[in-house]
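Student: One point on numbering: in numbering that gives the first Met the number 0, the residue at position 172 of the sequence shown is 171, and numbering is uninterrupted.
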Amino acid sequence: MPKLRVYDSKQEAAAAAAEFILGKLGEALESARSATLAVSGGSTPELMFEVMAAQEFEWSKLQLFFVDERPVPPGHPESNFTMTDRSLCRPVGLEAEQVHRIEGEREPAVAAGLYADDLVKSFALAEDEAPRFDVLHLGMGDDAHTASLFPGEPLILDRSGLVGSVYTSVKKSYRV
């Protein structure tokens, strides 16, 4: 049953979320060679990533995936990968093969297809099977969007694809 937790500051909330996520990833490592974490972007998780990066963890056993990405190249200030790389990946020394990024510099439909292929390969998925992450971290925008799925967008109803590209009229841009 979900529990609502309220903290007095964003620092306390970030620390609690970091502790929870690392605990769940640690539990996953008790029965597997690696743990999988899928993260959302935006500004919400940055502080949490910084707190996580300061903790002891078997970082060499983490496989990091992304929930969504904007159509921008690595290094761009709006890139979810860039923020995550700066606040988590580089500080903990994740290797390139541990980081499964969405190639936002490509045309959105191409990026979606490449990322779907990576998920199938990484999780050894059968046809119509979905990946099962040890931890899936989602943020929520002030307009209630999550994972670049905005209220009223038709992609929300798609149950057939692993990854999609969508033009969001709310942000007037594509997302993967």
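Every residue gets a Cβ at the ideal spot worked out from N, C-alpha and C, and that includes glycine. Here the structure is a predicted model, which means the values were calculated and not measured.
With a 10 Å radius around its C-beta and 16 neighbouring C-beta atoms as the bar for buried, classify Gln10 as buried or exposed.
Tutor: For this step, residue 10 is matched to residue 11 along the sequence shown. By the 16-neighbour rule on beta-carbons within 10 angstroms, Gln10 is exposed.
Student: Considering only their Cβ atoms, is the gap separating Gly103 from Pro153 smaller than 8 Å?
Tutor: Taking the first residue of the sequence shown as 1, we reach residue 153 at position 154. Taking the first residue of the sequence shown as 1, we reach residue 103 at position 104. Contact: no.
Student: Any idea what DSSP makes of Phe65, helix, strand or coil?
Tutor: Position 66 of the sequence shown holds residue 65. DSSP, read as helix, strand or coil, puts Phe65 in strand.
Student: Is Gln62 buried or exposed, if buried means 16 or more other CB atoms sit within 10 Å of its CB?
Tutor: As a first step, residue 62 is located in the sequence shown; it is residue number 63 there, counting from the start. Flag for Gln62 reads buried.
Student: Considering only C-alpha positions, which residue in the set Leu3, Leu148, Gly25 is nearest to Val175?
Tutor: The residue you call residue 175 lines up with position 176 of the sequence shown. That would be Leu148, whose Cα lies nearest to the Cα of Val175.
Student: What does a CB cutoff of less than 8 Å around Pro73 pick up in its chain, not counting 5 residues either side in sequence?
Tutor: Taking the first residue of the sequence shown as 1, we reach residue 73 at position 74. If we look at Pro73 and ignore the five residues flanking it on each side, its Cβ neighbours are Phe80, Thr81, Asp84, Arg100, Gly103, Glu104.
Student: Hey, out of Pro1, Ser39, Met51, Asp142, whose CA is closest to Glu18's CA?
Tutor: What you label residue 18 is simply residue 19 of the sequence shown in a count that begins at 1. Among Pro1, Ser39, Met51, Asp142, the Cα nearest to that of Glu18 is on Met51.
Student: Name, in chain order, the residues that DSSP records as bridge partners for Val175.
Tutor: Numbered from 1 along the sequence shown, position 176 holds the residue referred to as residue 175. Per DSSP, none; premise fails for Val175.
Student: Might you give, ordered along the chain, the residues of its own chain that have their beta carbon closer than 6 Å to the beta carbon of Pro107, omitting 5 neighbours on each side?
Tutor: By 1-based counting over the sequence shown, the position of residue 107 is 108. So the qualifying residues of the chain are Pro70, Ser164, Tyr173, Val175.
Student: Mark Ser78 as exposed unless 16 or more other C-beta atoms lie within 10 angstroms of its C-beta, in which case mark it buried.
Tutor: Residue 78 sits at position 79 when you count from the first residue of the sequence shown. Looking at its Cβ environment, which holds 16 or more other Cβ atoms inside 10 Å, Ser78 is buried.
Student: Using a Cβ-Cβ cut-off of 7 Å (strictly less than) and excluding sequence neighbours within five positions of His75, which residues of its own chain qualify?
Tutor: Translated into positions along the sequence shown, residue 75 becomes position 76. Closer than 7 Å at the Cβ level, and outside the excluded window around His75, lie Thr81.
Student: According to DSSP, simplified to helix, strand and coil, what is Thr221?
Tutor: Residue 221 falls outside the range modelled here, since the chain spans only 0 to 175, and no answer is possible.
Student: Which residues bound the alpha helix (DSSP H) around Thr83?
Tutor: As a first step, residue 83 is located in the sequence shown; it is residue number 84 there, counting from the start. Element bounds for Thr83: 79-83.
Student: Is DSSP giving Tyr166 helix, strand or coil here?
Tutor: By 1-based counting over the sequence shown, the position of residue 166 is 167. Tyr166: strand per DSSP, three-state reduction.
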